[in-house]
Amino acid sequence: QYLVKIARKVLRITLVLASIPLVLIMRLISLIYPVKLVRIRASPLGHFVYDTEYHLRKYQLFINNCRYLCFFDNRITNSYWAELVRRNYIVHSGFGYMWRANRLIPRGWRYEYDLVDGRGEERDKYGVLSRTELQLKPNKKEEKKGLYSLRKIGLSEEDKFVCLIARDAAYKEALNDRRDWSYHSYRDIDINSFAMAATSLADKGYWVFRMGKVVKSEFNVIHPRVVDYANSEFRSDFMDVWLMQNCCFCITTGTGLDEISGV
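Quick note: the sequence shown uses the numbering used here, first residue 32, plus one each step.
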């Protein structure tokens with residue numbers, strides 16, 4: 032195992048060094064047509080969703096004459112969102128080696144770009160979202176797939192549904208069980224604290240979907256319109272996105288998945 036790690040490290044270094052000529056060519060092209068390397072944070076999900084969607088929305092309002100060469104940094108937290116991103120960006124893992132090679136050459140910062148600038152855009156300081164339309168969304172075939180899944184669960188197209196997310200420690204631990212995530216523990220909450228709220232909404236005619244990819248406990252509510260989706264056979268990366276984009280509203284304690292409803 033130690034030798035495998037060494038071999039992988041040597042391979043990465045080799046690929047970075049081999050990318051230097053490509054970076055020099057890219058810089059020459061940039062003298063005529065601007066080209067920049069972009070690191071997309073694919074983890075955590077909140078940044079993955081917001082950064083990519085916000086950037087596309089921003090350039091609905093402003094002219095953009097630059098070509099972006101993107102790569103996913105870190106583990107991909109939602110495979111379907113990654114597919115939506117690939118439909119709208121030029122994404123390849125090789126650009127990651129170019130990005131690292133670019134940093135070995137002086138003035139590398141001129142050829143990098145951040146999707147969100149960190150000076151207020153991460154809070155939509157300039158009101159971009161309210162003036163633009165959603166960009167990363169399912170196509171017509173996928174919309175039909177989402178509606179078909181709802182019918183399998185028991186909903187009709189006229190039924191309204193609510194997404195409920197209560198953060199717990201299970202997801203972060205699943206991402207990396209060797210890391211101490213306890214500094215996030217103040218954000219955790221027991222999903223069953225929302226049992227009365229879910230039942231009340233269901234009695235009013237709403238369907239309630241308890242969301243989550245990896246969760247610590249079951250949602251102990253017995254009601255035909257309350258679905259513990261996180262622990263069900265219907266859960267998938269696609270449906271995570273589709274439900275959050277199409278819900279009547281979302282109840283959340285603050286976690287990455289809710290950015291899909293937010294944007």
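Where a beta carbon is used, it is the ideal one built from N, C-alpha and C, also for glycine.
Exercise for the section: With distances taken Cα to Cα, identify the nearest neighbour of residue 148 among 247, 94, 85 and 276. Expected result: 85
Exercise for the section: Return the bridge partner residues of residue 278 from the DSSP annotation. Expected result: Answer by DSSP bridge pairing: none, since residue 278 is not bridged.
Practice task
Identify the continuous beta strand (DSSP E) that holds residue 98 and give its terminal residues.
Solution key: For residue 98, the enclosing beta strand (DSSP E) begins and ends at 98–104.
Exercise for the section: Flag this pair as yes or no: are the beta carbons of residue 115 and residue 68 separated by less than 8 Å? Expected result: Residue 115 places its beta carbon 8 Å or farther from that of residue 68.
Problem - Distance between residue 209 and residue 33 (C-alpha atoms, nearest Å) - result: 18 Å
Exercise for the section: Quick one: give me the first and last residue of the alpha helix (DSSP H) that residue 37 is part of. Expected result: 33–49
Exercise for the section: With DSSP as the reference, label residue 291 as helix, strand or coil. Expected result: Secondary structure at residue 291: helix, using DSSP grouped into helix, strand and coil.
Problem - Limits of the beta strand (DSSP E) - the one that residue 80 falls within - result: Not the beta strand (DSSP E): residue 80 falls in the alpha helix (DSSP H), residues 76–92.
Exercise for the section: Please name the residue in 229, 265 and 55 whose C-alpha comes closest to that of residue 133. Expected result: 55
Practice task
Just confirm the distance between the C-beta atoms of residue 282 and residue 195, as a whole number of angstroms; I'd bet it's less than 8 Å.
Solution key: 5 Å
Handout entry: Delimiting residues of the alpha helix (DSSP H) encompassing residue 209
Key = No alpha helix (DSSP H) contains residue 209, which DSSP labels as neither H nor E.
Exercise for the section: Indicate whether residue 187 and residue 265 have their beta-carbon atoms separated by less than 8 Å. Expected result: Contact check for residue 187 against residue 265 fails: the beta carbons are separated by 8 Å or more.
Problem - residue 186 in three-state terms, based on DSSP - result: coil
Practice task
Put residue 72 into one of helix, strand or coil per three-state DSSP.
Solution key: Here DSSP, grouped into helix, strand and coil, assigns residue 72 to strand.
Practice task
Quickly, what does DSSP pair residue 238 with across the bridge? List them, please.
Solution key: 192
Problem - With 16 other Cβ atoms within 10 Å as the buried cut-off, status of residue 224 - result: exposed
Handout entry: CB of residue 269 within 8 Å of CB of residue 142, strictly
Key = no
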